[in-house]
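Below is one structure, written out as structure tokens, with a few remarks after it.
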Amino acid sequence: MSTSITGLASGFDSAAYIEAIMKQEKVPLTNLQTKKDNTTAYKNFFTALNTKMATLKDAATALSDLSTFTKNSATSSDTTKLAVTAGDSAVAGTYSVNVTSLATQQVSGSSAVKIVDDQGTKIKFDSALTGAELIISDGTSIDLTEFDNQDLNMDTALSKIAAKINQTSSGVTASIVQTSSTEQRLVLTSKSTGEASSFAITETGSFWGFPATPQQEATDAVFTVNGIEVHSSTNEVNDAIPGVTLTLTNTGSSTVKVAQDTDSIISKINTFVSAYNDIVTTIRNNTTKSTKNDDGSLSLTLQGDPMLRDLMSQLNDWMNTPIGTTKGLNLLSDIGLEIDKGVTSASLMTGKITFDSDAFKAKMLEDPAGVQKLLGGTITTTTGGGTTTSTGMGGLFKNNLQSWNNSVDGLITSKIKGYDSEITYLSESIQNMSDRLDQREESLKKQYANLEVVMSSLNNQKSYVSSILASFTKSSD
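Sequential numbering of the sequence shown, starting at 521, is according to my numbering.
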């Protein structure tokens with residue numbers, strides 16, 4: 521508990537004096553806290569950088585996956601008639617598809633059923649009027665007499681009959697269609713398309729009036745692939761072109777092309793480029809001299825940090841490493857990947873990659889196998905000195921990044937662990953120094969409080985002596 525100091529006896533402002541002393545003695549504590557804050561900022565930076573490195577390694581790993589280059593994609597020349605999707609087993613080729621007819625469901629609607637009489641009164645249900653039984657060809661039977669004793673209006677009974685049909689395991693669905701203010705129809709629709717889904721309806725009596733020929737017959741889709749006729753019970757066909765699913769949407773002709781999925785490869789390259797440039801930008805932004813905060817003060821910079829300098833150098837080296845594939849296709853710049861493309865002034869160079877996707881597509885058409893090796897393959901080179909094996913860019917980055925951000929002993933991981941140890945040490949030092957300073961401040965307060973007590977006592981003695989002397993003076997007078 522701190523001791524109150526008034527200075528009433530001595531007239532000395534000991535509180536201000538102690539505050540000045542403690543301010544001076546707390547300078548080392550402030551310096552320690554600043555060092556801890558800076559170290560924490562360094563740690564946070566390298567932690568974020570480590571995450572970005574992991575993202576780059578994941579992108580490089582994706583490029584080194586050979587399945588990236590064996591995947592095909594399919595396109596349709598007219599998606600209003602035909603949509604296509606390529607699977608893993610799709611075979612490259614061009615296919616002419618002509619759709620003659622689409623697969624359809626059977627739709628059978630009853631005659632109009634009056635639900636209101638001429639006077640506007642709702643008609644009561646009577647199975648004698650409707651026929652006692654409705655039989656669908658798959659064996660589903662609806663006995664209408666079970667509704668007789670429920671005192672139902674006709675419209676309510678029709679809805680219940682439809683619900684009863686839908687509760688069965690038949691291959692049809694039932695619905696009620698309002699055709700006028702006084703009439704409804706019972707409509708039966710096959711659950712699937714194709715000729716095999718057709719059904720017949722048998723009724724006792726003629727009330728329902730289902731036509732012998734349905735309003736829409738169940739039919740198979742009919743189309744040709746390169747002139748060969750194909751029938752399908754559905755409009756989604758997955759066995760007409762190997763590995764390709766066709767979705768028929770309208771009649772007419774279209775051309776299906778199955779080719780290497782260049783767009784998928786480009787997407788993975790863009791992901792890699794974005795991750796690479798993110799790292800380069802992050803490092804440059806934090807190593808720029810005299811970077812200022814919003815308040816005008818200098819921000820913490822890592823200018824001259826040897827690890828970051830080494831990392832930037834290695835990233836650049838990896839990008840410019842000759843891979844050693846086919847003649848004329850050895851560098852990433854050969855397929856549209858370049859650092860600071862077109863920049864000649866050193867002051868304008870950023871170290872970031874630009875990607876020319878058009879140049880890449882041209883190389884894919886010219887030498888797809890060479891591009892595959894350059895990005896994700898394993899390259900074996902035989903010379904007079906023997907045989908050497910190297911990896912494409914994806915493998916090169918994946919393998920080299922492992923030494924940087926390995927979760928156990930990666931270079932950046934180890935640096936972060938070092939910062940953690942330093943922060944722990946600084947936290948303990950700050951706590952110990954803070955405790956000592958608190959004790960020092962309390963000691964000074966007690967010291968000057970005691971001084972006030974002594975000064976007060978001396979002042980009292982002075983007053984006493986002065987009063988005695990004053991009385992002697994009066995007596996002598």
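Note that beta-carbon positions come from the ideal geometry of N, C-alpha and C, so glycine has one too.
Item	Value
May I have a chain-ordered list of the alpha helix (DSSP H) segments no shorter than 4 residues that lie completely inside the region 609-633?	none
According to DSSP, simplified to helix, strand and coil, what is D798?	helix
The beta strand (DSSP E) with V742 in it runs from where to where?	741-745
State the start and end residues of the unbroken beta strand (DSSP E) segment that holds L766.	764-768
Going by the beta-carbon positions, is the gap between A795 and Q625 smaller than 7 Å?	no
Which residues mark the beginning and the end of the beta strand (DSSP E) in which D781 is found?	Premise fails: D781 is in no beta strand (DSSP E) and is neither H nor E.
Just how far apart, CA to CA, sit N686 and D663?	14 Å
Any chance the region 622-640 sits against the region 785-802, with 3 or more Cβ pairs inside 8 Å?	no
Taking only three categories from DSSP, how would you classify E539?	helix
Hey, A623 and A606: beta-carbon distance below 7 Å or not?	no
Distance, Cα to Cα, A694 vs L706?	7 Å
Write down every uninterrupted run of the alpha helix (DSSP H) in the region 641-698 whose length is 4 residues or greater and which is fully enclosed by it, in chain order.	647-650, 674-686
For R705, write down the residues that DSSP places opposite it in a beta bridge.	V697
Quick one: using the 10 Å Cβ neighbour count with 16 as the cut-off for buried, is M869 buried or exposed?	exposed
Across the region 881-894 and the region 921-929, are there enough close Cβ pairs to call them in contact, namely three or more that are closer than 8 Å?	no
Span of the beta strand (DSSP E) holding E886?	That residue, E886, is in no beta strand (DSSP E); its alpha helix (DSSP H) goes 877-886.
Can you give the Cα-Cα distance for A579 and L946, rounded to whole angstroms?	38 Å
Going by beta carbon distance, what residues of the same chain come within less than 8 Å of N919, once the five residues before and after it are set aside?	T911
Between the region 568-578 and the region 962-974, do at least 3 Cβ pairs fall closer than 8 Å?	no
Is it the case that the Cβ atoms of A648 and E703 are separated by a distance below 7 Å?	no
Less than 6 Å between C-beta atoms, sequence neighbours within five positions excluded: which residues of the same chain meet that for S987?	none
On the DSSP letters alone, give me the boundaries of the beta strand (DSSP E) that A603 sits inside.	602-606
For A632, is the beta carbon positioned less than 6 Å from some heavy atom of the ligand ADP?	Among the components of this structure there are no ligands whatsoever, and the ligand ADP is therefore not found.
Do you know whose CA, among N618, V611, S597, A677, lies nearest K634's CA?	A677
If S690 and A716 are in contact, beta carbons under 8 Å, what's the gap, nearest whole angstrom?	Not really, about 14 Å apart at Cβ, beyond 8 Å.
Hey, is the region 545-560 in contact with the region 948-959, meaning 3+ C-beta pairs nearer than 8 Å?	yes
Looking only at its own chain, which residues have a Cβ that is under 8 Å from the Cβ of D940, when we skip the five neighbours before and after it?	K563
For V498, which residues from the same chain have a beta carbon less than 6 Å from its beta carbon, with the 5 sequence-adjacent residues on both sides left out?	Residue 498 is absent from the structure shown; the chain starts at 521 and stops at 997.
Could you give the DSSP three-state label for T914: helix, strand or coil?	As written in the sequence, residue 914 is Gly, which differs from the Thr given in the question. Correct three-state label for G914: helix.
Beta-carbon within less than 8 Å of S784's beta-carbon, same chain only, minus the 5 sequence neighbours each way: which residues are those?	T588, K591, S593
Please name the residue, chosen from Y615, T600, N840, that lies closest to A760 on a Cα-to-Cα basis.	Y615
For the putative contact between N850 and P842, defined by C-beta atoms under 8 Å, what is the C-beta separation to the nearest angstrom?	5 Å
Which residues does DSSP list as the beta-bridge partners of N592?	Q780
If you drop the 5 nearest sequence neighbours on each side, which residues of the same chain put their C-beta closer than 7 Å to that of F743?	V617, N618, V619, T620, V750, L768
For S597, report the span of its beta strand (DSSP E) as first-last.	Counting along the chain, S597 falls outside any beta strand (DSSP E), and DSSP gives it neither H nor E.
Run through the DSSP bridge pairs and tell me what Q736 is partnered with.	V627
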